[in-house]
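Heads up: the sequence shown begins at 214 in our numbering, then just goes up one per residue.
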Amino acid sequence: MKKTIKVIIAVSTILLALSTLTSCKKNKDVELNSQRVIRLADQPNYLPLKVAVTKGFFKDEFGDDFKFELSSFVNGPAINEAFIAGSLDFAQLGDTPIVQAIANDVDIKIVASFWASDEAYGIVNRAGSPVQELKDLKGAKVGYRPGTNEHKLVLRYITSQGYTAKDVTLINVPAADALATLVRGDIDAVIATQPTIESTAEAAGGKVLAYNKGYYTVACYNAATGKFARNNPDTLARILKVIQKTEDWIYANQEEAYEIVAKYSGTTPDKVEQYWISRKWVTEWSPNYTLEVQDTADFALSQGTVSRKLDAKSFIDTSYLKKAGLKSE
Numbered sequence: 214m215k216k217t218i219k220v221i222i223a224v225s226t227i228l229l230a231l232s233t234l235t236s237c238k239k240n241k242d243v244e245l246n247s248q249r250v251i252r253l254a255d256q257p258n259y260l261p262l263k264v265a266v267t268k269g270f271f272k273d274e275f276g277d278d279f280k281f282e283l284s285s286f287v288n289g290p291a292i293n294e295a296f297i298a299g300s301l302d303f304a305q306l307g308d309t310p311i312v313q314a315i316a317n318d319v320d321i322k323i324v325a326s327f328w329a330s331d332e333a334y335g336i337v338n339r340a341g342s343p344v345q346e347l348k349d350l351k352g353a354k355v356g357y358r359p360g361t362n363e364h365k366l367v368l369r370y371i372t373s374q375g376y377t378a379k380d381v382t383l384i385n386v387p388a389a390d391a392l393a394t395l396v397r398g399d400i401d402a403v404i405a406t407q408p409t410i411e412s413t414a415e416a417a418g419g420k421v422l423a424y425n426k427g428y429y430t431v432a433c434y435n436a437a438t439g440k441f442a443r444n445n446p447d448t449l450a451r452i453l454k455v456i457q458k459t460e461d462w463i464y465a466n467q468e469e470a471y472e473i474v475a476k477y478s479g480t481t482p483d484k485v486e487q488y489w490i491s492r493k494w495v496t497e498w499s500p501n502y503t504l505e506v507q508d509t510a511d512f513a514l515s516q517g518t519v520s521r522k523l524d525a526k527s528f529i530d531t532s533y534l535k536k537a538g539l540k541s542e
């Protein structure tokens, strides 16, 4: 009888172990939410996620394991609000809003580069503006979007002339209202982004005072919530693979990609093209990216837009790129 009991216990133990192993294997990297949905976010004119969803690249990689939901937000601060609300797993946004979020204890990890540019942003004036050069910014009214990459750029323009933010009246102007606000004369200049820098200047009878080159290499990044990254490393690595695959496809099929994004964003293919060609799109990492993010964190502290010093390395994790077999130095 004792031997029988031992056998039963041994068999039960083995079955339990196998059951646990099978369960762990089954559930590994899929503890997302009850709907098994991965919630993605990007911004208007951002191409890769829109194209990947439309072309079925996520389905090619994951089959029916997950449903991918894509939401497009007006800017990085809006994405931060969704991160805080717990309604996102993965998003693409600039380093300025990421730094703002980290400084406010939001659990976000930068996991890869997304795009970078020296010519995607600029400052534009209007006809009759007292600001004809950057040196004229003192005492001027300048429109921008707080908490976005525009925030760091406008401060760079100001400090490059030896002024401080107190010397300029900075006004929150949504991108959709920028031209009208400028033309009315409510502001003297505004931060604009491609594909509307030159058209804004022309419509306002003004000119482009400066692009971002030499002031700030604007960059956006692939980021995930810390919880999603920690619980789903393999899945996150595969998402990055899909994004890089999509970027490669876009470079080879640009006209079709522009059409796809134009329908998503309610714009025109030529505007999407201008957006695409003004940026370098790649899913990778190098020490230069870390330096740029650290520079943004340090500059934000120096300007009082964050209240504590941040170490960029503490919220950058390139292990998912390595797992995906993508470039990571």
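Just so you know, even glycine gets a beta-carbon here, dropped at the ideal spot from N, CA and C.
Residues near residue i in its chain [Cβ-Cβ closer than 8 Å; skip 5 each side]
{"i": "Ser285", "result": "Ala254, Asp255, Gln256, Pro257, Tyr259, Lys263, Tyr477, Ser478"}
{"i": "Ala436", "result": "Phe303, Ala304, Gln305, Leu306, Ile311, Ile321, Lys322, Ile323, Val324"}
{"i": "Ala295", "result": "Ala254, Ser284, Phe286, Leu301, Ala304"}
{"i": "Pro500", "result": "Glu542"}
{"i": "Trp462", "result": "Val264, Lys268, Phe270, Ala470"}
{"i": "Thr430", "result": "Ala329, Ser330, Asp331, Glu505"}
{"i": "Phe528", "result": "Ile311, Ile315, Ile321, Lys322, Ile323"}
{"i": "Arg521", "result": "Ala316, Leu514"}
{"i": "Pro387", "result": "Val287, Arg358"}
{"i": "Glu468", "result": "Pro482"}
Neighbourhood of residue i by C-beta distance below 6 Å, restricted to the same chain and skipping five residues each side
{"i": "Ser541", "result": "Trp498, Thr531, Leu534, Lys535"}
{"i": "Pro482", "result": "Tyr471, Glu472, Ala475"}
{"i": "Tyr424", "result": "Glu332, Gly335"}
{"i": "Gly538", "result": "none"}
{"i": "Tyr488", "result": "Asn258, Gln407, Pro408"}
{"i": "Val519", "result": "Ala316, Ala513"}
{"i": "Thr413", "result": "Val337, Leu392, Ala405"}
Contacts around residue i, its chain only, beta-carbon distance under 7 Å, and the 5 residues preceding and following it disregarded
{"i": "Glu346", "result": "Leu422"}
{"i": "Ile297", "result": "Val319"}
{"i": "Glu460", "result": "Pro261, Trp494, Val495, Thr496"}
{"i": "Tyr376", "result": "Leu350, Lys351"}
{"i": "Lys426", "result": "Asp331, Glu332"}
{"i": "Ile361", "result": "Checking the displayed sequence, the identity of residue 361 turns out to be Thr instead of Ile. For Thr361, where only same-chain residues beyond five positions count, the Cβ hits under 7 Å are Asn288, Gly289, Pro290, Gly307, Thr309, Pro310."}
{"i": "Thr509", "result": "Asp308, Thr309, Val312, Lys365"}
{"i": "Lys526", "result": "Thr503"}
{"i": "Leu523", "result": "Val312, Ile315, Ala316, Ala510"}
{"i": "Val266", "result": "Phe281, Leu283"}
{"i": "Gln457", "result": "Thr496, Leu539"}
{"i": "Pro359", "result": "Asn385"}
{"i": "Lys440", "result": "Asp320"}
Residue i classed as buried or exposed, judged by whether at least 16 other C-beta atoms fall within 10 angstroms
{"i": "Arg339", "result": "buried"}
{"i": "Asp447", "result": "exposed"}
{"i": "Asp302", "result": "buried"}
{"i": "Val367", "result": "buried"}
{"i": "Thr382", "result": "exposed"}
{"i": "Ala465", "result": "exposed"}
{"i": "Asn445", "result": "buried"}
{"i": "Glu505", "result": "buried"}
{"i": "Arg451", "result": "buried"}
Residue i vs residue j beta-carbon contact at 8 Å
{"i": "Ala333", "j": "Gln407", "result": "yes"}
{"i": "Tyr370", "j": "Glu363", "result": "no"}
{"i": "Ser373", "j": "Tyr428", "result": "yes"}
{"i": "Phe271", "j": "Val455", "result": "yes"}
{"i": "Lys280", "j": "Arg249", "result": "yes"}
{"i": "Arg252", "j": "Ser300", "result": "yes"}
{"i": "Ile384", "j": "Val355", "result": "yes"}
{"i": "Leu453", "j": "Ala442", "result": "no"}
{"i": "Asp401", "j": "Ser342", "result": "yes"}
{"i": "Thr438", "j": "Ile292", "result": "no"}
{"i": "Val485", "j": "Ile410", "result": "no"}
{"i": "Pro507", "j": "Ala378", "result": "Note that residue 507 is Gln in the sequence shown, not Pro. Contact flag unset, no."}
Identity of the residues DSSP links to residue i by a beta bridge
{"i": "Leu306", "result": "Tyr434"}
{"i": "Phe281", "result": "Ile251"}
{"i": "Val403", "result": "Val337, Gly356"}
{"i": "Thr382", "result": "Lys354"}
{"i": "Ser532", "result": "Ser532 pairs with nothing; no bridge assigned."}
{"i": "Ala325", "result": "Asn435"}
{"i": "Trp494", "result": "Trp328"}
{"i": "Val421", "result": "Val337"}
{"i": "Ser196", "result": "Lying outside 214 to 542, the shown extent of the chain, residue 196 is not represented and no answer is given."}
Does the region 343–357 come close enough to the region 318–332 that 3 or more CB-CB pairs lie under 8 Å?
No, because fewer than three Cβ pairs between the region 318–332 and the region 343–357 fall closer than 8 Å, the two stretches do not touch.
Take every Cβ of the region 294–314, pair it with every Cβ of the region 394–411, and state whether three or more of those distances are shorter than 8 Å.
no
So, does the region 409–420 touch the region 384–399, judging by three or more C-beta pairs under 8 Å?
yes
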